[in-house]
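Engineer: In UniProt numbering, the protein residues as written are 1 to 180. Heads up, the beta-carbon is just placed ideally off N, CA and C, and yes, glycines get one too. What follows is a single structure, and I will ask about it in a moment.
Have a look at this one:
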């Protein structure tokens, strides 16, 4: 099933009065909107999520943040994130990734720092994205702080984290640290 077919199926489900969309169906439809760059339908789904209170779900919030990224509406991604009543590691990683991929490295690192302040949520999926932001800003000092966190959490043996550390050090001109 392609994205357009998924959206047609979701629409048909909503028209049938005996069936209401749940969190999972809405997340799938939001993903399909992002994949097909269907901004208009994605915005309709956002309104539907608000109307049905499904927006309270951390999964729907994360799917909306990602959908807006896919259709190129970074500010909308940030707005949805900031209005979310509940966040988890997936949500934080999603917004950090959205910002870093958009070249908004400083904001990405600000969110990473905020995430780390509120809870010890960072995982081996978030670290490479934060290190990419360090490269974009040539912030080797912050990269070293992240490296310390990697050591403390025991993430150093994870290949994507180790590769990201080497890349960060070498691209920031710290070849010796990159070789360690």
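1. Any chance you could list the alpha helix (DSSP H) runs of at least 4 consecutive residues sitting entirely within the UniProt repeat "PPR" (88 to 118), in chain order?
2. How far does the alpha helix (DSSP H) with residue 21 in it extend, from its first residue to its last?
3. In whole angstroms, what is the alpha-carbon distance linking residue 145 and residue 77?
4. Residue 38 to residue 53, Cα distance in whole Å?
5. Cβ atoms of residue 27 and residue 63: under 7 Å apart, would you say?
6. Is it the case that the Cβ atoms of residue 88 and residue 58 are separated by a distance below 7 Å?
7. Quick one: grab the DSSP three-state call for residue 72.
Structural biologist: Reading from the atomic positions:
1. 89 to 101, 105 to 118
2. From DSSP, residue 21 is part of no alpha helix (DSSP H); its letter is neither H nor E.
3. 27 Å
4. 22 Å
5. yes
6. yes
7. coil
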